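S.K.: Take 0 as the starting number for the first sequence in numbering that gives the first Met the number 0 and just add one per residue. Supplied in structure tokens, the structure appears directly below.
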Amino acid sequence: MIFRDRSVLRHDFIPDKLPCREKEIEELASILAPALRGELPSNVFIYGKPGTGKTVVVRYVLTELMDAMKELKVNYVRLGYTNCRRAGTPYRVLSELCDTIDVKVPFTGLATDEVFTRFKKGLERKRCVFIAVLDEIDALIRKNRDAGNEVLYRLTRINVDLKKSKVCFIGITNDVTLNEYLDGPVLSCLSERELVFPPYDATQLSIILRERAKLAFREGVVSEDAIKVCAALAAREHGDARKALDLLRVAGEIAERKGDSMVSEEHVLEAQKELEYGHLFEAIKKLPLHSRLVLLSVYLLEKRTHKIFTGDVYSKYEDICSMLDMSPLSQRRVSELINELDSMGILNVRVVSMGRYGRSKKISIACNKKVVRDVLSGDEWCSVVLNP
DNA sequence: GCTCCACCGGAAGGAGGGGAAT
DNA sequence: ATTCCCCTCCTTCCGGTGGAGC
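Now the structure itself:
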């Protein structure tokens, strides 16, 4: 037996204490504290890379706030949480907020405007201080800049229309450049207070992992080396605590599978490989058909030569399409697909000039070729070309 | 220094699909 | 139900370009 409770390593687990975020917790708590006196707290905007503890800190402080409310017998504070990426559209963000104040809204069919009106009416009935958390707020803007800004603008101005209730917003984003996309008035309203969550360094990650390991694993099962390696690997990846926890969890699973009694450094390194393989595998598998065919073209060309240019890829791609009886996309489009594969880290692309012989992209495979082969040979279409 | 290759990548616009408004 | 709107994916068109070879 390796694990005591593996759910402790899940991303949504909220531990009793959050090491290395004491300062942020205290600051957020002091910002929100006025709510307990029925006053409106400042809006807060929280920035930080993925896995820097933004969401967990907010949830932690809100849980504390609820406990304090119970103790003080305060019942006029209400909390709403919505993840904008999961919700997807302004309509669903609003309807999730409505849900938390017991306003029922149909899945669809209402104008966004109408949902907004019901939200306001619901708030007035509750006579409360409403703290609304908008997690991954960047997703709302990224998907539809104008609609996103519109709904945020109306939300941030909601206190103007409310007489009996007040709303305070906590915005959370991974995207440090979000201020370029947010309209000025929305940004200045949301960021009355700003918290920036810096990435964790390896020492901090070790502390976090040690705490979690105590809960997740049976005593003495995880070696100190294993923890150090998890922390070092995750620190390299912009201090992502989620990644560190994933590594530890998978390392534990590997140890369990092998029937080993300890989680060692080797298990972590294997976990790293497994996670990397898995992510890449999924990423390639989920590519649209023509991107997969373009990747297949590069893969086949790379067996013969390492001087591959756009023209070579395109003609190989055309061959493959005719073999599969499909009509090929334009070269312009394929060139764009090649750039997308580059930005995903699957291909390596560099624009080079060959003087008299024109200007083109030099292309190579940037990732583990075995994964590429594994996915493509299991692919419905690509396998036809790979294993004729 | 000029030419000119082979493509780059921006712009505009069309198909089509899904969701919102009426 | 129908119209409207917007987004995504894609095409076509086209001006732009770094540098080998003359």
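Glycine included, C-beta positions come from ideal geometry on N, C-alpha and C. None of the values given here were measured: they were computed from a predicted structure.
In whole angstroms, what separates the C-alpha of L154 from that of A34?
M.R.: Going by the C-alpha atoms only, they are around 19 Å apart.
S.K.: Do the stretch 68-87 and the stretch 184-196 touch if we need at least three Cβ pairs shorter than 8 Å?
M.R.: Output reads no: the stretch 184-196 does not touch the stretch 68-87.
S.K.: Kindly indicate which residue of P184, K315, V220, F216 has the alpha-carbon position closest to the one of Q330.
M.R.: With distances taken between Cα atoms, Q330 lies closest to K315.
S.K.: Rounded to whole angstroms, what's the CA-CA distance from K302 to I364? Just pull it up for me.
M.R.: If you take the alpha carbons of K302 and I364, they lie about 11 Å apart.
S.K.: Counting only the same chain and skipping the five closest in sequence on each side, list residues whose C-beta sits under 6 Å from that of S352.
M.R.: Counting only Cβ-Cβ distances below 6 Å, and skipping sequence neighbours, we find R358.
S.K.: Which class does G47 belong to by DSSP, given the choice of helix, strand or coil?
M.R.: Strand.
S.K.: Do you know whose CA, among L346, V150, T116, I130, lies nearest L181's CA?
M.R.: Measuring from the Cα of L181, the nearest candidate turns out to be V150.
S.K.: Just reading off the beta strand (DSSP E) that T54 is part of, what are its end residues?
M.R.: T54 -> not in any beta strand (DSSP E); alpha helix (DSSP H) instead, spanning 53-71.
S.K.: Report yes if the CB atom of L300 is closer than 7 Å to the CB atom of D311, and no otherwise.
M.R.: Yes; because the gap between Cβ atoms is below 7 Å, this pair is in contact.
S.K.: Indicate the three-state DSSP secondary structure (helix, strand or coil) for D318 in the structure shown.
M.R.: Of the three classes helix, strand and coil, the one that applies to D318 here is helix, per DSSP.
S.K.: Taking all protein chains shown into account, decide if G377 is buried (16 or more other Cβ within 10 angstroms of its Cβ) or exposed.
M.R.: Classification of G377: exposed, given that the 10 Å Cβ count is below 16.
S.K.: Please list the terminal residues of the continuous alpha helix (DSSP H) segment that includes I206.
M.R.: Its alpha helix (DSSP H) spans residues 201-215.
S.K.: Does the Cβ of E277 have 16 or more other Cβ atoms within 10 Å, making it buried, or fewer, making it exposed?
M.R.: Note that residue 277 is Gly in the sequence shown here, rather than Glu. That one is exposed.
S.K.: What are the residues that DSSP puts in a beta bridge with E193?
M.R.: Answer is F44.
S.K.: Which of the three DSSP states is assigned to L323 in this structure?
M.R.: If DSSP states are grouped into helix, strand and coil, L323 belongs with coil.
S.K.: What's the gap between the Cα of A282 and the Cα of L244?
M.R.: Taking the straight line joining both Cα atoms gives about 21 Å.
S.K.: Skipping 5 residues on each side, what residues in its chain have a beta carbon closer than 7 Å to that of N82?
M.R.: Around N82: D134, E135.
S.K.: Assign S164 to one of three DSSP states: helix, strand, or coil.
M.R.: Looking at S164 - three-state DSSP - the assignment turns out to be coil, as it is neither helix nor strand.
S.K.: With 16 other CB atoms within 10 Å as the buried threshold, where does Y266 fall?
M.R.: The displayed chain sequence assigns His, not Tyr, to residue 266. The residue in question, H266, is buried, as its Cβ has 16 or more Cβ neighbours within 10 Å.
S.K.: In terms of alpha-carbon separation, which member of Y313, G52, T202 lies closest to R332?
M.R.: Nearest option by C-alpha distance: Y313.
S.K.: Thinking C-beta only, is V132 closer than 7 Å to V57?
M.R.: Cβ distance < 7 Å, so V57 and V132 count as in contact.
S.K.: My understanding is that D468 touches N173, with C-beta atoms under 8 Å, so please give their C-beta distance in whole angstroms.
M.R.: Residue coverage of the chain in this structure runs from 0 to 387, which leaves residue 468 outside it and unanswerable.
S.K.: Tell me which residue opens and which closes the beta strand (DSSP E) that F129 is part of.
M.R.: Where F129 is concerned, the enclosing beta strand (DSSP E) stretches over 128-134.
S.K.: Would you kindly check if the distance between the Cβ of V262 and the Cβ of V221 is under 7 Å?
M.R.: The answer is yes: Cβ separation under 7 Å.
S.K.: Report, in whole angstroms, the separation of the C-beta atoms of L17 and G52, which I expect to be a contact under 8 Å.
M.R.: Confirmed, Cβ separation roughly 7 Å.
S.K.: Measure the alpha-carbon distance for P184 versus V371 and round it to whole angstroms.
M.R.: If you take the alpha carbons of P184 and V371, they lie about 47 Å apart.
S.K.: Specify, as a first and last residue, the run of the beta strand (DSSP E) that K302 falls within.
M.R.: From DSSP, K302 is part of no beta strand (DSSP E); its letter is neither H nor E.
S.K.: Within this structure, are the beta carbons of E264 and D239 separated by less than 7 Å?
M.R.: No. Outside cutoff.
S.K.: Just the Cα atoms here: how many angstroms apart are G147 and V92?
M.R.: C-alpha separation (whole angstroms): 10 Å.
S.K.: Can the beta-carbon of R126 be found less than 7 Å from the beta-carbon of K163?
M.R.: Yes.
S.K.: Would you check if the distance between the CB atom of V293 and the CB atom of L336 is smaller than 7 Å?
M.R.: Cβ distance < 7 Å, so V293 and L336 count as in contact.
S.K.: Tell me, which residues are paired with V350 by DSSP?
M.R.: According to DSSP, which records beta bridges pairwise, V350 is partnered with K360.
S.K.: Within this structure, are the beta carbons of G50 and K272 separated by less than 7 Å?
M.R.: Contact flag unset, no.
S.K.: Ordered along the chain, which non-local residues of its own chain (more than five positions away) have a Cβ less than 7 Å from that of F115?
M.R.: Excluding positions up to five away in sequence, the list reads L93, R153.
S.K.: Can you tell me the Cα-Cα spacing of L232 and S326, whole angstroms?
M.R.: Computed Cα separation, rounded: 44 Å.
S.K.: Look at the alpha carbon of I253 and the alpha carbon of E275, and state the distance between them as a whole number of angstroms.
M.R.: Each residue's Cα considered, the two are about 15 Å apart.
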